[in-house]
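Novice: Dumping the structure here so I can ask a few things about it.
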Amino acid sequence: MANVDILGTLAPMILMFVVAVIALEIIKAVFLESTVKGFIRAFFEGLNGGENKENVSRRKEPKVKESENNETSFTEKLIKLGGAYRGNEFLMSPTERDVYKVLEKAYGDKYYIFAQVRVVDVIQPNINKYYTWTGEYKALFRQISQWHFDYVMCNKNDFSIFCALELDDPSHRKPERIRRDRILNDVCSDAGVSLKRMSLNHKKKKLEVVSYD
């Protein structure tokens, strides 16, 4: 009787142990597969980034998450109601438009001048140092993802980037803008992108370059 009781007690424990071992092996297999895929993806991203810098700067549109069961999303419902968005009349402020005309007149024969260019279209986190799925890459990307250069000048013969331009108006004296400008200066310096800061001298009616990078 004693032997029967012992076996009856051990059977569930043995079964639980076997299930735990199987579950552990499954977890290891899934983790290994995702890790291998990640390294393979990073390897090819590194090759692409090393071979052609244009691949790094290519614009990436955000993915639109589909709602479950093809249901209409909240924003779609607002759009269908009408009046959800309003188009801006002008691309730039009056001052920015005036500065653009000055730049076009002075440099338009040699450079294309683009306005309101996303920083991430000019600068990207270094994928040769930080893989795209790492926290470091995501933090570096988020730091600059919402920022824009006022202007970017590109060589007319090949669209290579000559420099980025920032117009430092009175809003740049605010503490949050001072911090933003300091970080952007460091980002451009680290990436090897020339950044020039300008100010508009209203008394002399003249555009002045206040700093070079």
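Residue numbering for the sequence shown follows my numbering, starting at 66 and increasing by one per position.
Just so you know, even glycine gets a beta-carbon here, dropped at the ideal spot from N, CA and C.
(1) How far does the alpha helix (DSSP H) with E162 in it extend, from its first residue to its last?
(2) Taking F208 as part of the alpha helix (DSSP H), name the residues at either end of that continuous run.
(3) According to DSSP, simplified to helix, strand and coil, what is N222?
(4) Just the Cα atoms here: how many angstroms apart are K291 and P190?
(5) Could you check if V187 is buried or exposed, using at least 16 other CB atoms within 10 Å of its CB as the buried criterion?
(6) Can you tell me whether V281 is helix, strand or coil according to DSSP?
(7) Among the candidates M218, V164 and R162, whose CA atom is the shortest distance from the CA of Y176?
(8) Just to check my reading of the structure: K261 and L232 have Cβ atoms closer than 8 angstroms, yes? What is that Cβ distance to the nearest angstrom?
(9) Considering only residues of the same chain and omitting the five flanking positions on each side of N135, which have a CB-CB separation below 7 angstroms?
(10) Please state whether DSSP places S264 in a helix, a strand or coil.
(11) At the level of alpha carbons, what is the spacing between R245 and V84?
(12) In the DSSP output, what is E141 paired with across the bridge?
(13) If you run the structure through DSSP and keep just helix, strand and coil, what is V329?
(14) Y216 and F179 look like a contact to me (Cβ under 8 angstroms); what is the Cβ gap, rounded to whole Å?
(15) So N250 is in the alpha helix (DSSP H); what residue range does that whole segment cover?
(16) Roughly how far, in whole angstroms, is the beta-carbon of L249 from the beta-carbon of V164, given that I think they are within contact range, below 8 angstroms?
(17) Who are the near neighbours of V167 in its chain, counting only those whose CB is closer than 8 angstroms to its CB and skipping five residues on each side?
(18) Under 6 angstroms Cβ to Cβ from F206, same chain only, skipping five residues before and after it: list those, please.
(19) Based on the DSSP output, what are the partners of V217 in its beta bridges?
(20) Using the C-alpha atoms, what's the distance from T160 back to V258?
Specialist: Walking through what the data contain:
(1) This sequence places Arg at residue 162; Glu is not what is there. Run containing R162: P159 to Y172, per the alpha helix (DSSP H) assignment.
(2) Residue identity check: residue 208 is Gln in the sequence provided, not Phe. Note, Q208: alpha helix (DSSP H), G200 to I209.
(3) Coil.
(4) Within the shown structure, residues of the chain are numbered from 66 to 278, placing residue 291 beyond reach of any answer.
(5) Buried: at least 16 other Cβ atoms inside 10 Å.
(6) Residue 281 lies beyond the range of the chain shown here (66 to 278); nothing can be said about it.
(7) Comparing Cα positions, the closest option is M218.
(8) Beta-carbon to beta-carbon, K261 and L232 are separated by about 10 angstroms, too far to satisfy the 8 angstroms threshold.
(9) None.
(10) S264: strand per DSSP, three-state reduction.
(11) R245 and V84: Cα-Cα distance of roughly 54 angstroms.
(12) As far as DSSP is concerned, E141 takes part in no beta bridge.
(13) What is shown of the chain runs 66 to 278, which leaves residue 329 out entirely.
(14) So it is a contact: roughly 7 angstroms between Cβ atoms.
(15) Taken as a continuous stretch (DSSP letters only), the alpha helix (DSSP H) holding N250 covers P240 to A256.
(16) 18 angstroms between Cβ atoms; not a contact.
(17) Counting only residues of its own chain and dropping the five nearest sequence neighbours on each side, V167 has a CB closer than 8 angstroms to the CB of L272.
(18) So the qualifying residues of the chain are P190.
(19) V217 has F179 and A229 as its beta-bridge partners, per DSSP.
(20) Rounded to the nearest angstrom, the two C-alpha atoms are 25 angstroms apart.
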